[in-house]
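See below for the structure under consideration.
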Amino acid sequence: MNLDDFASMMASQLHRAAVPLQRQLDTLKRLNLTVSPAQEEALQADPGPYEREPYTAILTYLAREGSPQVLAVDSEAAEAGTMYRDLLSRLQALTGGEVVLADVREEEDTSGSDTVRRVHFTLQGRPYAYDAAALGNWLDLDLFAFLNQALEAGDFRKRFVTVDDARVQGLLVFYRTPEWARFFAAGTGLTVKDT
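Structure (structure tokens):
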């Protein structure tokens, strides 16, 4: 995401109208996203922040609480040397084992005019390699489009559905169908990517 796109995303998220907490919870439940009674109680104890940042605040909270349905991905990684292996491991867990990314490795390639971080993995016995932009310890989030192409080539019905989230300087990620992504976008008003 370039700086202009990031600024636009920030502006759109920061200037959204407040949405009552209960309406958000009802919408998420209709989308088959689980919010436990304890989580719902914690959210209702101080609804203001969640109402001012509709849906992204709740989803980030759920991801940080360990929800198996949504993942918060900070594009700034703690460990640059293993950031893609770590991300692919987390994504594999998000799929509940449906997607098995094997032989994952990453290496820096300085042989060309631009340094790239090459990410290798195998999906259903087929090898893939993605040339990520070398951004230091920042993830190249275009990897998600590449992964979704690999899923489509492997006849997987679901994709990694992403939502930009200014709260985590990155993405909220779901493993769902493209149809679900359209319902999610319509229900929440958030912009989703599933390709």
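Counting from 1, position 37 in the sequence shown corresponds to residue 408 in our numbering; the numbering is continuous, with no gaps. Yeah, the Cβ is synthetic: ideal placement off N, Cα and C, and Gly gets one too. Everything numeric in this text was worked out from a predicted model, so none of it was measured.
Below 9 Å between beta carbons: does that hold for residue i and residue j?
i	j	result
Val563	Val444	no
Glu436	Gly541	no
Tyr426	Thr398	yes
Leu522	Val441	no
Tyr455	Ala503	yes
Pro391	Pro418	yes
Gln415	Thr559	no
Ala428	Pro420	yes
Leu458	Leu514	yes
Trp551	Leu433	no
Pick from the options: whose alpha carbon is nearest that of residue i?
i	options	result
Asp536	Ala557, Asp480, Leu430	Leu430
Gly525	Leu561, Asp511, Leu396, Tyr499	Tyr499
Glu422	Gln393, Leu512, Ser460, Thr481	Gln393
Tell me, which residues are paired with residue i by DSSP?
i	result
Leu442	Val544
Arg530	Arg547
Glu450	Answer is none; Glu450 lacks a bridge partner.
Val390	In DSSP, Val390 forms no bridge with anything.
Residue i CB to nearest chain B CB: under 9 Å?
i	result
Leu472	Structure shown: chain B not included; a single protein chain is present.
Is the region 512-523 in contact with the region 409-417, if contact means three or more CB pairs nearer than 8 Å? Verdict: no, contact absent.
Write down every uninterrupted run of the beta strand (DSSP E) in the region 473-517 whose length is 3 residues or greater and which is fully enclosed by it, in chain order. Runs found: 487-494, 497-504.
Do the region 540-557 and the region 523-532 make contact, defined as three or more Cβ pairs closer than 8 Å? yes
Three or more C-beta pairs below 8 Å linking the region 468-477 and the region 486-493: yes
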